[in-house]
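Engineer: Structure in structure tokens, see below.
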Amino acid sequence: MPKVTVSLDAELVVEVMVLAGVGSPQDAVELVVRDYVARGHRTEARAAAREEPRAEREVTPPEPQG
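Be aware that the sequence shown starts at 608, since it is given in the working numbering, and climbs by one per residue.
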């Protein structure tokens, strides 16, 4: 996989390293990015799951009330 080089503020990277409990700046930033992407996928999956039942309810005719 191709690599990308990004310049970041040293204090920001150190804070990420401390929060992630990682000793390498590269690993710490990679963990944050991977977590962000995974969180986005989970959010998309939850949104899709919520939309499906709603679409099914709209297709189903209401029960007759007597």
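Just so you know, even glycine gets a beta-carbon here, dropped at the ideal spot from N, CA and C.
Can you grab the Cα-Cα spacing for the pair A654 / A635, in whole Å?
Structural biologist: Here residue 654 refers to the residue found at position 47 when the sequence shown is read from its first residue. Here residue 635 refers to the residue found at position 28 when the sequence shown is read from its first residue. Those two C-alpha atoms are separated by around 29 Å.
Engineer: Return the chain-ordered ranges of every alpha helix (DSSP H) run that is complete within the region 621-651 and spans a minimum of 4 residues.
Structural biologist: none
Engineer: Since V623 and V639 should fall inside the 8 Å C-beta cutoff, what is the C-beta to C-beta distance between them, to a whole number of angstroms?
Structural biologist: Here residue 623 corresponds to residue number 16 of the sequence shown, with the count starting at 1. Here residue 639 corresponds to residue number 32 of the sequence shown, with the count starting at 1. The Cβ separation is near 6 Å, so the contact holds.
Engineer: Check L615 in the structure and name its three-state DSSP category.
Structural biologist: Position 8 of the sequence shown, counted from the start, is the residue given in the question as residue 615. The answer is coil: DSSP assigns L615 none of H, G, I, E or B.
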